[in-house]
Every structure is written in structure tokens, then in C-alpha cells.
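See structure below.
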Amino acid sequence: MKIKKLDHIQNIVLPSINGENFDTSRLKGKKYLLTFYRFASCPMCSLRINEMINRYDELGDNFAVVGIFHSEISNLKRFMKRHDSPFVMLADKDFKYFSKYDIQRSFVRFISTFILRAPRFLRATFKLYISPTIKGHMDIMPVDILVDEKGKVQDVKYGKDIGDHISIEEIIKFSHS
Numbered sequence: 360m361k362i363k364k365l366d367h368i369q370n371i372v373l374p375s376i377n378g379e380n381f382d383t384s385r386l387k388g389k390k391y392l393l394t395f396y397r398f399a400s401c402p403m404c405s406l407r408i409n410e411m412i413n414r415y416d417e418l419g420d421n422f423a424v425v426g427i428f429h430s431e432i433s434n435l436k437r438f439m440k441r442h443d444s445p446f447v448m449l450a451d452k453d454f455k456y457f458s459k460y461d462i463q464r465s466f467v468r469f470i471s472t473f474i475l476r477a478p479r480f481l482r483a484t485f486k487l488y489i490s491p492t493i494k495g496h497m498d499i500m501p502v503d504i505l506v507d508e509k510g511k512v513q514d515v516k517y518g519k520d521i522g523d524h525i526s527i528e529e530i531i532k533f534s535h536s
């Protein structure tokens with residue numbers, strides 16, 4: 360089922376990098392960004408996380424960021440160490456929620472990223488986010504979902520390529536609305 364504006368996000372329970380199962384029901388009463396990323400060592404995902412961390416202070420106290428990766432928890436922990444992220448990072452190794460929310464896979468759109476977003480990919484490369492280890496589907500398109508305090512979707516973006524996200528400015532604006 361593809362997520363649409365005003366849909367209610369059902370509870371998502373997955374292992375987190377802090378060693379416990381995280382349940383999105385904990386976020387009731389908070390606005391949050393829920394992002395479906397690719398695999399743990401994804402360079403474009405690492406670049407996006409780094410950019411979000413750099414703007415974290417602008418999001419406000421009543422806002423959370425949750426990332427879901429197609430990855431085993433051990434692999435996700437290993438690759439997230441470099442970020443020291445204040446965000447919740449979850450591992451969906453079985454692709455359960457990716458399938459449930461109709462997260463798209465496309466090899467053609469994966470390849471198009473290197474043409475459409477060459478400068479971004481080079482930035483990820485120069486930050487040393489490239490890894491020879493790929494454990495997960497390479498062709499997953501990201502999805503960003505902005506959820507309000509009641510658990511209702513206020514905005515959703517199904518990425519057209521692996522670097523296509525809701526702008527950080529839009530996320531900050533939503534966090535303060």
C-alpha cells in the first residue's frame with residue numbers, strides 16, 4: 360500500500376542501533392520524519408544523514424527523525440558509528456515494512472542517479488562514504504514521510520532516484536508548524 364497524505368502510520372517495530380526494539384508508537388505527540396533508506400553502507404544515504412545531522416539543531420525539541428534501512432542490525436550499527444547520529448536508526452533486514460509501504464525498486468532509476476546527481480555522488484565519494492560492502496538491495500528508491508503529532512501523514516515523497524528527498528528546508532518548516 361503506497362502511503363498518501365492523511366494516512367495513519369501504523370506502528371513500526373524494528374531493532375535499533377542502540378540495542379533495543381524501537382516502536383514508532385513512542386513518537387505519539389511528536390512530529391517526525393520517517394525515511395526509508397537503502398542499505399547500511401549506501402553513500403547517498405550517508406550523505407543525507409550527514410546533512411540532516413548538520414541541521415539537527417534547527418528541527419526543534421518536539422521533532423524526531425527515524426531512518427529505516429534494508430540491513431541486518433549488526434551491519435547497520437557498524438556503518439552508523441561514523442555518524443554519531445542523534446536519530447533513531449532501524450534495521451528491516453526482512454524488507455517487511457519496505458514491502459508493506461510499497462517502497463519502489465528500480466535499477467534504471469538507480470543508474471540515472473549517477474547522471475542526474477553526479478555532483479552529489481562525488482560529494483559522497485569525497486567524504487569517503489563509498490564502501491565495497493553492499494548488504495541489501497542496491498536499487499531501493501528512498502521515501503520520506505512527514506508525520507504529525509497524531510500519527511497522520513502530512514507529506515510524503517517517493518524518491519525518483521536514490522538521492523531524491525524532501526528538502527531539509529521543508530522538513531525544518533514542518534517541524535515548527
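When you line the sequence shown up against my numbering, it's residues 360 to 536, in that order. No residue lacks a Cβ here, since even glycine has one placed at the ideal position from N, Cα and C. In this text the structure is predicted, and so the values were computed from the model without any measurement.
Practice item. Report the three-state DSSP secondary structure of S384 (helix, strand or coil). Key: Here S384 carries a helix assignment [DSSP, helix/strand/coil].
Exercise for review: Using three-state DSSP, classify Y391 as helix, strand or coil.
Suggested key: DSSP places Y391 in the strand class (E or B) of the three-state scheme.
**Study point:** Secondary structure of M411, DSSP reduced to three states
**Key:** Correct three-state label for M411: helix.
Check your understanding: By a C-beta neighbour count over all protein chains shown, 10 Å radius and 16 as the cutoff for buried, is Y391 buried or exposed?
Key -> Y391 comes out buried.
Practice item. Under 7 Å Cβ to Cβ from L435, same chain only, skipping five residues before and after it: list those, please. Key: Counting only Cβ-Cβ distances below 7 Å, and skipping sequence neighbours, we find I376, A399, F428, M448 and A450.
Practice item. Sort K519, V506 and H524 by Cα distance to K363 and report the nearest one. Key: Of K519, V506 and H524, the residue nearest in Cα terms is V506.
**Study point:** Same chain, Cβ closer than 8 Å to R464, neighbours up to 5 away in sequence not counted
**Key:** Only H496, D498, I499 and M500 meet the Cβ criterion.
Review point. Which partner residues of M448 appear in the DSSP bridge assignment?
Key: Partner(s): G426.
**Study point:** Distance between beta carbons of I368 and V512, contact taken as under 8 Å
**Key:** Correct: roughly 6 Å between the Cβ atoms.
Review point. Terminal residues of the continuous alpha helix (DSSP H) containing I432?
Key: Where I432 is concerned, the enclosing alpha helix (DSSP H) stretches over I432 to M439.
Exercise for review: Could you name the residues of the same chain whose beta carbon sits closer than 8 Å to that of M360, not counting the 5 residues immediately before and after it, in chain order?
Suggested key: Excluding five sequence positions before and after M360, the CB atoms of its chain that fall closer than 8 Å to its own CB belong to K459, Y460 and D461, given in chain order.
Check your understanding: Roughly how many whole angstroms lie between the Cα atoms of K452 and L373?
Key -> Distance between the alpha carbons of K452 and L373: 9 Å.
Check your understanding: Can P445 and Y396 be called in contact, C-beta distance under 7 Å?
Key -> Cβ distance not < 7 Å, so P445 and Y396 don't count as in contact.
Review point. From what residue to what residue does the alpha helix (DSSP H) around I527 run?
Key: Its alpha helix (DSSP H) spans residues I527 to H535.
Review point. With 16 other CB atoms within 10 Å as the buried threshold, where does S536 fall?
Key: A residue is called buried once 16 or more other Cβ atoms fall within 10 Å of its Cβ, and S536, having fewer, is exposed.
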